[in-house]
Amino acid sequence: MRFDVVTLFPELFEPFTRIGVTRRAFEGSAPAVQLRLWPLREFADDAYRRVDDRAYGGGPGMVMLVEPLERALSAIRADQQAAGSGPTPVILFSPAGRPLTQQRVTALAASPGAVLICGRYEGIDQRFIDRHVDEEISLGDYVLSGGELPALTLIDAAARLQAGVLNDAQSHEQDSFSDGLLDCPHYSRPEVLASAAGEPDAVPPVLLSGHHAQIARWRREQQLRLTWLRRPELIAAARAAGRLSKADERFLAQLKSAP
Ligand code: 4FM
Numbered sequence: 000m001r002f003d004v005v006t007l008f009p010e011l012f013e014p015f016t017r018i019g020v021t022r023r024a025f026e027g028s029a030p031a032v033q034l035r036l037w038p039l040r041e042f043a044d045d046a047y048r049r050v051d052d053r054a055y056g057g058g059p060g061m062v063m064l065v066e067p068l069e070r071a072l073s074a075i076r077a078d079q080q081a082a083g084s085g086p087t088p089v090i091l092f093s094p095a096g097r098p099l100t101q102q103r104v105t106a107l108a109a110s111p112g113a114v115l116i117c118g119r120y121e122g123i124d125q126r127f128i129d130r131h132v133d134e135e136i137s138l139g140d141y142v143l144s145g146g147e148l149p150a151l152t153l154i155d156a157a158a159r160l161q162a163g164v165l166n167d168a169q170s171h172e173q174d175s176f177s178d179g180l181l182d183c184p185h186y187s188r189p190e191v192l193a194s195a196a197g198e199p200d201a202v203p204p205v206l207l208s209g210h211h212a213q214i215a216r217w218r219r220e221q222q223l224r225l226t227w228l229r230r231p232e233l234i235a236a237a238r239a240a241g242r243l244s245k246a247d248e249r250f251l252a253q254l255k256s257a258p
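In numbering that gives the first Met the number 0, the protein residues as written are 0 to 258.
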């Protein structure tokens, strides 16, 4: 897949392609994820490399100009055509978008890719959005200073789902949200963690029992408990999607009487 990123800060992206498990997704002659950066300032048409201007109607803050964005998008379309790989949908990151979900990430990760528009300043001229943007995505109900961190978030989430990126082929099948529930807690050595003041903290004994079925049931119950406590709306969604077993429902019924 390929991500074409339109940004005023292309230098933010490359370091992420060089680190961690996701590095493998960007490496080699035929990488699972091709990252192409399109520095917006190169598409300005004046000597000052201007890509923003004041808002009609007044008020504080600058607006990103349509024309440099359209020139960048035309260059991307030409490049995609030359590579025999386009056109991919245009995504804009904004608090006004639909919240990003693992379901959307999974679908994108299996697609040919997307053009990611990273806004800066107070906003983007609405006419660019109306003409070219296929989807607006939000990372959450808070305000960032630009779309670069959301773009990197989406690229990271998609890169780790590419074949051969995670060490364990199944490790993302156990992620939070991959089955619509939060992840269970994890433990490693030491078995008993000494404490300066109170009692030592032991690993839950079932995890040392070697009973794989009991361990799987305990983990599932931990997932259900944590999700019920912190994100009850995800329990409702899992139920509606038919993803809760009879054993899950029994456990949840029991939780309500003794959380
Ligand atoms: C968006 C700044 C567009 C400038 C932003 C422009 C955000 C979010 C966000 C800030 N994006 N989820 N929350 N963007 O705050 O996705 Cl032009």
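Glycine included, every Cβ here is placed at the ideal spot set by N, Cα and C.
(Q) Quick test of your reading: Q101 and S170, contact by CB under 8 Å. State the CB separation rounded to the nearest angstrom. (A) Numbered from 1 along the sequence shown, position 102 holds the residue referred to as residue 101. Numbered from 1 along the sequence shown, position 171 holds the residue referred to as residue 170. Q101 to S170, Cβ: 14 Å. No contact.
(Q) With H, G and I counted as helix, E and B as strand and the rest as coil, what does DSSP make of V65? (A) Numbered from its first residue, the sequence shown carries residue 65 at position 66. DSSP places V65 in helix when its eight states are reduced to three.
(Q) Going by beta-carbon coordinates alone, are F92 and G60 separated by less than 8 Å? (A) In the sequence shown, residue 92 corresponds to position 93, counting from 1. In the sequence shown, residue 60 corresponds to position 61, counting from 1. No, the pair does not count as a contact, with Cβ atoms beyond the cut-off.
Q: With DSSP as the reference, label D200 as helix, strand or coil.
A: Taking the sequence shown and counting its residues from 1, one reaches residue 200 at position 201. The answer is strand: DSSP assigns D200 an E or B state.
Q) Taking the runs of the alpha helix (DSSP H) that are 4 residues or longer, which of them lie wholly in the region 139-182? A) 147-158
Q | Residue closest to P30, alpha-carbon to alpha-carbon, out of L72, P111, A74 and W37 | A | To locate residue 30, count along the sequence shown from 1; it is residue 31. Comparing Cα-Cα distances from P30 to each of L72, P111, A74 and W37, the minimum goes to P111.
Q. What's the gap between the Cα of Q253 and the Cα of L165?
A. Here the question's residue 253 lines up with position 254 in the sequence shown. Here the question's residue 165 lines up with position 166 in the sequence shown. Roughly 36 Å separates the two Cα atoms.
Q.
Quick check: does the Cβ of I123 come within less than 7 Å of any heavy atom belonging to ligand 1?
A. The residue labelled residue 123 in the question sits at position 124 within the sequence shown. Yes.
**Q.** Residues bridged to F2 [DSSP beta-bridge criterion]
**A.** Stepping through the sequence shown from its first residue, residue 2 is reached at position 3. Note: F2 sits in a beta bridge opposite L34 and A113.
Q | For F8, the three-state DSSP class (helix, strand or coil) | A | What you label residue 8 is simply residue 9 of the sequence shown in a count that begins at 1. Here F8 sits in coil by DSSP.
Q. Is L11 close to chain B, meaning its C-beta is less than 8 Å from at least one C-beta of that chain?
A. No chain B appears in this structure, which consists of one protein chain only.
Q.
Quick check: the Cα distance between Q221 and G209, rounded to an integer number of angstroms?
A. Counting from 1 along the sequence shown, the entry for residue 221 is found at position 222. Counting from 1 along the sequence shown, the entry for residue 209 is found at position 210. C-alpha separation (whole angstroms): 18 Å.
Q) Any idea if Q79 is buried or exposed, counting beta-carbon neighbours within 10 angstroms, 16 or more meaning buried? A) For the purposes of this step, residue 79 is identified with residue 80 of the sequence shown, where counting begins at 1. The residue is buried, with at least 16 neighbouring Cβ atoms inside 10 Å.
(Q) Three or more C-beta pairs under 8 Å: does that hold for the region 150-163 against the region 22-29? (A) yes
Q: Compute every distance between the C-beta of R49 and the non-hydrogen atoms of ligand 1, then say whether any falls below 7 Å.
A: Locating residue 49 in the sequence shown gives position 50, where the first residue counts as 1. Every heavy atom of ligand 1 is 7 Å or more from the Cβ of R49, so no.
Q: Could you tell me whether any non-hydrogen atom of ligand 1 is closer than 7 Å to the CB of V142?
A: Locating residue 142 in the sequence shown gives position 143, where the first residue counts as 1. V142 Cβ: within cutoff of ligand 1.
Q: Name the two residues that bound the continuous beta strand (DSSP E) containing S244.
A: Here residue 244 corresponds to residue number 245 of the sequence shown, with the count starting at 1. Premise fails: S244 is in no beta strand (DSSP E) and is neither H nor E.
Q. Is R53 helix, strand or coil when you go by DSSP?
A. Stepping through the sequence shown from its first residue, residue 53 is reached at position 54. Three-state DSSP puts R53 in a strand.
**Q.** Buried versus exposed call for L207 [16 or more other C-beta atoms within 10 Å across all chains shown]
**A.** Start at 1 with the first residue of the sequence shown, and residue 207 comes out as number 208. Per the 10 Å Cβ criterion, exposed.
Q. So, using beta-carbon positions, are V50 and P67 closer together than 8 Å?
A. Against the sequence shown, residue 50 aligns to sequence position 51. Against the sequence shown, residue 67 aligns to sequence position 68. Yes; because the gap between Cβ atoms is below 8 Å, this pair is in contact.
Q: Report back the beta-carbon spacing between D3 and V114 to the nearest angstrom; my notes put them in contact at under 8 Å.
A: Your numbering for residue 3 matches position 4 in the sequence shown. Your numbering for residue 114 matches position 115 in the sequence shown. That belief holds up - the Cβ atoms of D3 and V114 are roughly 5 Å apart, short of 8 Å.
**Q.** Strand pairing of S28, partner residues [DSSP]
**A.** Here the question's residue 28 lines up with position 29 in the sequence shown. Per DSSP, none; premise fails for S28.
**Q.** Best match in R53, A71 and V62 for proximity to D44 [C-alpha to C-alpha]
**A.** For the purposes of this step, residue 44 is taken as the residue at position 45 of the sequence shown. Taking each of R53, A71 and V62 in turn and checking the Cα distance to D44, the smallest one comes out for A71.
Q) Does DSSP put A77 in a helix, a strand or coil? A) Residue mapping note: residue 77 aligns to position 78 of the sequence shown, counting from 1. Residue state, collapsed to three classes: helix.
**Q.** I18 (DSSP reduced to helix, strand or coil)
**A.** Counting from 1 along the sequence shown, the entry for residue 18 is found at position 19. When DSSP states are grouped into helix, strand and coil, I18 belongs to the coil group.
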